[in-house]
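Colleague: For reference, each letter of the sequence shown is one residue, going 71 to 111 in our numbering.
In this text, a Cβ means the ideal position worked out from N, Cα and C, and glycines have one as well.
Just so it is clear, the structure is predicted and the values come from calculations on it, not from any experiment.
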Amino acid sequence: MNFRYLAASVRPRGRLLALLTATALAVPFAAEAQTPAPAPG
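1) Is proline 110 helix, strand or coil by DSSP?
2) Phenylalanine 99 and tyrosine 88 - do their beta-carbons sit closer together than 9 Å?
3) Mapping DSSP to helix, strand and coil, what is threonine 105?
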């Protein structure tokens with residue numbers, strides 16, 4: 071899914087909504103990526 075293409079094809083309000091949605095989806099993934107992996111075993 072290309073957020074930039076979607077944001078360019080909608081009204082300013084929709085563009086803001088797309089930005090907020092992308093941010094809301096990115097935050098949990100970023101937090102999970104920074105969490106150290108459990109030790110093997």
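Modeller: Based on what the coordinates show:
1) coil
2) First, the amino acid is wrong: residue 88 is alanine here, not tyrosine. It is not a contact, given that the beta carbons lie outside the stated cut-off.
3) coil
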